[in-house]
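For the sequence shown, the positions run 1 to 120 when the working numbering is used.
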Amino acid sequence: MKEQCLVAVASLIEKLAWRFPNHEFMNATGIQYPQYWLNSEVENMFLAHLAFLKAQYCFKKDAGVEGLKVLALFNEQKLDMGVSFFKVTMQSNCKYVLEPLVSYNLVTKLWSNSSVVLQH
1 MKEQCLVAVA
11 SLIEKLAWRF
21 PNHEFMNATG
31 IQYPQYWLNS
41 EVENMFLAHL
51 AFLKAQYCFK
61 KDAGVEGLKV
71 LALFNEQKLD
81 MGVSFFKVTM
91 QSNCKYVLEP
101 LVSYNLVTKL
111 WSNSSVVLQH
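In structure tokens, the structure reads:
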């Protein structure tokens with residue numbers, strides 16, 4: 001019985017791991033949330049997470065069919081050009097968007113108040 005339970009649990013874990021994004025991916029996509037930018041280690045974290053996202057989305061990948069490639073989703077050079085503005089926007093506004101009485105999505109609030117961007 002114990003062995004059957006272990007096999008069932010291992011199978012469940014394998015299926016969940018296949019179905020959901022891995023831990024590293026989930027951490028890297030956290031750059032879009034205001035709470036991410038309040039961390040004291042944000043500079044080092046951001047560089048590591050950006051490198052991970054570039055490796056995932058800025059290069060062609062094998063499609064699983066011989067000779068067929070999937071095109072990159074993002075242009076690495078254009079991404080690099082926009083990184084500074086993105087960082088300034090997120091760092092300047094992260095505390096503002098987390099203030100109480102938020103009646104809509106935090107990311108929407110962040111990007112809707114462009115005048116706050118210039119206060120940094």
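Glycine included, C-beta positions come from ideal geometry on N, C-alpha and C.
- Residue 80 and residue 67 have their C-alpha atoms some 29 Å from each other.
- In the assembly as shown, residue 37 is a buried residue. Its beta-carbon has 16 or more other beta-carbons within 10 Å.
- When beta bridges are read from the DSSP output, residue 70 appears opposite 61.
- Annotation note: the stretch 19–48 contains the following uninterrupted alpha helix (DSSP H) runs of length 4 or greater, listed N- to C-terminal: 23–28.
- Counting of Cβ neighbours within 10 angstroms places residue 108 among the exposed residues, the total staying below 16.
- Look at residue 90 here: in three-state DSSP terms it is helix.
- Looking at the backbone, the Cα of residue 24 and that of residue 44 are separated by about 15 Å.
- Around the Cβ of residue 46, a 10 Å sphere holds 16 or more other Cβ atoms; the residue is buried.
- Sequence-distant Cβ neighbours of residue 98 in its own chain, meaning closer than 6 Å and more than five residues away, are 34.
- Here residue 90 is buried. Its C-beta has 16 or more other C-beta atoms within 10 Å.
- Measuring C-alpha to C-alpha distances from residue 60 to each of 69, 50, 78 identifies 69 as the nearest.
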